[in-house]
Amino acid sequence: MTFDWSVVWQHRDALMAATGTTILLTFATMAIAVPCGIMVAALRLYAWKPVRALATSYVELFRNLPLILVVYWAFYVLPIMTGLGLSPLATGLAALVLNVTAYNAETFRAGINSIRRGQVEAAMALGMSRLQALRRVVLPQALRRILPVLASTWVSLFKDTSLVSVIAVTELAYVAMQIRAQTFRVLEMLTAMAAIYWLLGYPQAKLVDWMQRRFAVTE
Amino acid sequence: MNKSATQSGRTKAGGITIIRYRGVVKRYGDFQALSGIDLDVHAGEVVCLIGPSGSGKSTLLRCTNGLESIEGGDIEFEGTALPRDERELRAVRTRMGMVFQSFELFPHLTALANVAEGPRTVLRKHAAEANRRASAMLAKVGLADKAPNYPSALSGGQQQRVAIARALAMEPDVMLFDEPTSALDPETIGEVLNVMKQLADEGMTMVVVTHEMTFARRVGDWIAVFDAGRIVEQGPPEQIFDAPTTERTRDFLSHLGWTG
């Protein structure tokens, strides 16, 4: 068996662009799923009971479905439901956001619950509203505590973006598979793909380790 | 009850009434935490609430600024019943400073930012004005040099003094102290009590839940003795500590080893 690694170099532009899409998907998903996660967590904690139940159902639904199923579902069902012809990228993003928001909501809820009641009382005794107390006192502390968890979610998300390749989003996994199909260089392309994911993922994982040490709670 | 009898020996009773409790009742489920509390707090007075743990002192304090709601009776603050509406209640809270047993400083903020937080967020002062006021308050409690420190780098006594400065920065009409020295090491209790004494000397109206009998005796103008959700006796410190009129007060003080 002979290897021809030049195939990787020949397709470097396509691979680079695809890697860019993978990174973009990761950033865009988190940028939306963090505020949405806070919102869902707040609804689960403070909202009127039926709304609370709705938020809980959302979290339990999407946390317990395989992401790949959500991706397919978004691809086939979203256009029918919304009447919009979303691009594969937007559809993939929507699926990732639905999934990660559910995880983030649970993370934020745990973080908010970990801040003791006295902190809110101290804020309210100063005359703050519940919302002000949440924004100025509870969330900044909760965020510090859950940063390592959010970072772990980030690393998982970075790898899970590969699942949207099934609906032809031109991210790294999809493009690498396309090149493989055209050139029949299976081993080379899979190895190249693994190398790119690993080289980008490893520093992120190290960053998470560092955060876990750096933001260990001291009180 | 005969009013003049309950007020005898009350040197500052001439001041306007800041807080008036009438028949205050508080329940937690089946447990009756307060069973009809009558008490007045006049301007410039230091009223100390003493009594065994679980007798309702802290509960009354927490009802005063609406952290707990009451099931019966009235609490009047500066002549108006405590509002039920959240927004109006918040306005009242800005005029009552509260100091907690466990300090409850905000751990993610420096000492200065802790004190500036109320003026900044609630009173909507500009950052410069809020910081100026915060610096002045830290200086007042003797901690000007600790402004850039985070609470975790301060001793318990220092944290509690920052908490007092945080409450004072709102320029309240009354200060509520909920066992401010109970969580402190013995060697740092004194510095907190000194700040409180200084405040009292400046004429601040204060309601203090405390187990520090020496402080209550020296600084208090009026003492209310709690037991099982009731005030069993109230009067000037000389009466309570030297000539208590009820068995329950004598019992309580002798349990503490109080000898006058």
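Protein chains in written order, with numbering that gives the first Met the number 0: chain A, 0 to 218; chain B, 0 to 259.
Ideal placement from N, C-alpha and C gives every residue a C-beta, glycine not left out.
Keep in mind it's a predicted model, so treat the numbers as computed, not measured.
Review point. If you scan the region 45 to 101 of chain B from start to end, which runs of the beta strand (DSSP E) of 3 or more residues do you find wholly inside it?
Key: Unbroken beta strand (DSSP E) runs of no fewer than 3 residues, entirely contained in the region 45 to 101 of chain B, are found at 45 to 49, 71 to 76 and 95 to 98, following chain order.
Check your understanding: Could you give the residue range of the alpha helix (DSSP H) that holds L210 (chain A)?
Key -> Note that residue 210 (chain A) is Met in the sequence shown here, rather than Leu. According to the DSSP assignment, M210 (chain A) belongs to the alpha helix (DSSP H) that extends over V185 to R213.
Review point. Are any of the Cβ atoms in chain B nearer than 8 Å to that of M127 (chain A)?
Key: Yes, contact with chain B.
Check your understanding: From this set, A:T21, A:L198, A:R11 and A:R212, which residue's C-alpha is nearest L162 (chain A)'s C-alpha?
Key -> It is A:T21.
Check your understanding: Does any C-beta atom of chain A lie closer than 8 Å to the C-beta of R89 (chain B)?
Key -> For R89 (chain B), the answer is yes, since a Cβ of chain A falls inside 8 Å of its Cβ.
Review point. Within 7 Å: the Cβ of R116 (chain A) and any heavy atom of the ligand ZN?
Key: Only the bare structure without any ligand can be found here, which leaves the ligand ZN out of the picture.
Check your understanding: Per DSSP, what kind of secondary structure is M0 (chain B) in: helix, strand or coil?
Key -> In this predicted model, M0 (chain B) has a pLDDT of only 43, less than 50, meaning its place in the structure is not dependable; the value taken from the coordinates is given anyway. DSSP places M0 (chain B) in coil when its eight states are reduced to three.
Exercise for review: Please name the residues in the region 56 to 88 of chain B whose beta-carbon is closer than 7 Å to at least one beta-carbon of chain A, in chain order.
Suggested key: Using a CB distance below 7 Å, the part of the region 56 to 88 of chain B facing chain A consists of N64 and L66, ordered along the chain.
Practice item. Label S56 (chain A) either buried or exposed according to how many other C-beta atoms from any shown protein chain fall within 10 Å of its C-beta, with 16 as the threshold for buried. Key: Exposed, because fewer than 16 other Cβ atoms sit within 10 Å of the Cβ of S56 (chain A).
Review point. For a contact meaning CB atoms closer than 8 Å, what does G117 (chain A) contact in chain B?
Key: Neighbours of G117 (chain A) on chain B, chain order: F99, S101 and E103.
Check your understanding: DSSP beta-bridge partners for S260 (chain B)?
Key -> With chain B covering 0 to 259 only, the question about residue 260 (chain B) has no answer from this structure.
Check your understanding: Using 8 Å as the limit for Cβ to Cβ distance, is P78 (chain A) near chain B?
Key -> Answer no: the Cβ-Cβ gap between P78 (chain A) and chain B never drops below 8 Å.
Point to revise | Distance, N63 (chain A) Cα to A261 (chain B) Cα | key: No statement about residue 261 (chain B) is possible, as the shown extent of chain B runs from 0 to 259 and does not include it.
Check your understanding: Alpha carbon to alpha carbon, what distance is there between G234 (chain B) and M0 (chain B)?
Key -> At M0 (chain B) the pLDDT is 43, less than 50, meaning the model places this residue with poor confidence; the figure from the coordinates comes in the next sentence. Distance between the alpha carbons of M0 (chain B) and G234 (chain B) is about 14 Å.
Review point. From this set, B:L192, B:V40, B:D220 and B:L153, which residue's C-alpha is nearest I74 (chain B)'s C-alpha?
Key: Ranking the options by Cα distance to I74 (chain B), first place goes to B:V40.
Check your understanding: Quick one: is K2 (chain B) buried, meaning 16 or more other Cβ sit within 10 Å of its Cβ, or exposed?
Key -> Bear in mind that the predicted position of K2 (chain B) carries a pLDDT of just 45, short of 50, making it unreliable; the figure below should be weighed with that in mind. Its Cβ having fewer than 16 others within 10 Å, K2 (chain B) is exposed.
Exercise for review: Count the other CB atoms, across all protein chains shown, that sit within 10 Å of the CB of D220 (chain B); report buried if there are 16 or more and exposed otherwise.
Suggested key: Buried, because 16 or more other Cβ atoms sit within 10 Å of the Cβ of D220 (chain B).
Review point. Got a sec: is the Cβ-Cβ distance from T120 (chain B) to anything in chain A below 8 Å?
Key: Residue-level contact by beta carbon holds for T120 (chain B) and chain A, with a gap shorter than 8 Å.
Practice item. With 8 Å as the limit, tell me which residues of the region 106 to 119 of chain B have their beta carbon closer than that to any beta carbon of chain A; keep them in chain order. Key: P106, H107, E116 and G117: these are the residues of the region 106 to 119 of chain B whose beta carbon lies less than 8 Å from some beta carbon of chain A, given in chain order.
Review point. Taking all protein chains shown into account, do 16 or more other C-beta atoms lie within 10 angstroms of the C-beta of D159 (chain A), making it buried, or fewer, making it exposed?
Key: Per the 10 Å Cβ criterion, buried.
**Study point:** Proximity to L31 (chain A) [Cα-Cα], best of A:R213, A:A104 and A:I114
**Key:** Looking at the sequence shown, residue 31 (chain A) is not Leu but Ile. Selected option, being the one with the closest Cα: A:A104.
Review point. From A:F107, A:A132, A:A54 and A:A101, pick the residue whose C-alpha is nearest to that of R116 (chain A); which is it?
Key: The residue from A:F107, A:A132, A:A54 and A:A101 with its alpha-carbon nearest to that of R116 (chain A) is A:A132.
Check your understanding: Which residues of chain B have a Cβ atom closer than 7 Å to the Cβ of A121 (chain A), listed in chain order?
Key -> The answer, in chain order, is F99 and E103.
Review point. Helix, strand or coil: which one does DSSP assign to I79 (chain A)?
Key: The DSSP-derived three-state label of I79 (chain A) is helix.
Practice item. Measure the C-alpha to C-alpha separation of I15 (chain B) and V161 (chain B) and round it to an integer number of angstroms. Key: Across the structure, I15 (chain B) and V161 (chain B) are spaced so that their CA atoms are roughly 29 Å apart.
**Study point:** Spatial neighbours of F102 (chain B) in its chain, beta-carbon cut-off 6 Å, leaving aside the 5 residues before and after
**Key:** The residues are Q158, Q159 and A162.
Check your understanding: Just checking my contact of L92 (chain A) with L24 (chain A) at CB under 8 Å: how many whole Å lie between their CB atoms?
Key -> About 6 Å; that satisfies the 8 Å criterion.
Check your understanding: At least one CB of chain A closer than 8 Å to the CB of T93 (chain B): is that the case?
Key -> Yes, T93 (chain B) lies at the interface with chain A (some Cβ there is under 8 Å from its Cβ).
Review point. In the structure shown, what three-state DSSP assignment does D220 (chain B) receive?
Key: It is coil, neither helix nor strand.
Practice item. Thinking P118 (chain B) and M195 (chain B) are a contact (beta carbons under 8 Å), I'd like their distance in whole angstroms, please. Key: That pair is no contact at about 22 Å.
Practice item. Please work out which residues of its chain come closer than 7 Å, Cβ to Cβ, to I114 (chain A), disregarding the five sequence neighbours upstream and downstream, and give them in chain order. Key: Excluding residues within five positions, the ones whose Cβ falls inside 7 Å are V137, Q140 and A141.
**Study point:** CB-CB length for D177 (chain B) against I17 (chain B), believed under 8 Å
**Key:** With 8 Å as the limit, D177 (chain B) and I17 (chain B) do not qualify as a contact, their Cβ atoms being about 17 Å apart.
Point to revise | Stretch-stretch touch, CB-based, cutoff 8 Å, three pairs: the region 148 to 158 of chain A with the region 197 to 215 of chain A | key: Yes, since at least three Cβ pairs between the region 148 to 158 of chain A and the region 197 to 215 of chain A fall closer than 8 Å, the two stretches touch.
Exercise for review: Have a look at the DSSP bridge pairing and note the partners of Q233 (chain B).
Suggested key: Residue pairing by DSSP places Q233 (chain B) opposite B:A223 in a beta bridge.
Point to revise | Cross-chain neighbours of R143 (chain A) in chain B, by beta carbon under 8 Å | key: Neighbours of R143 (chain A) across chain B, judged by C-beta separation under 8 Å: H107.
Point to revise | Given 8 Å, three or more beta-carbon pairs between the region 60 to 71 of chain B and the region 72 to 80 of chain A | key: Taking a cut-off of 8 Å on C-beta distances, the region 60 to 71 of chain B does not touch the region 72 to 80 of chain A, as fewer than three cross pairs fall below it.
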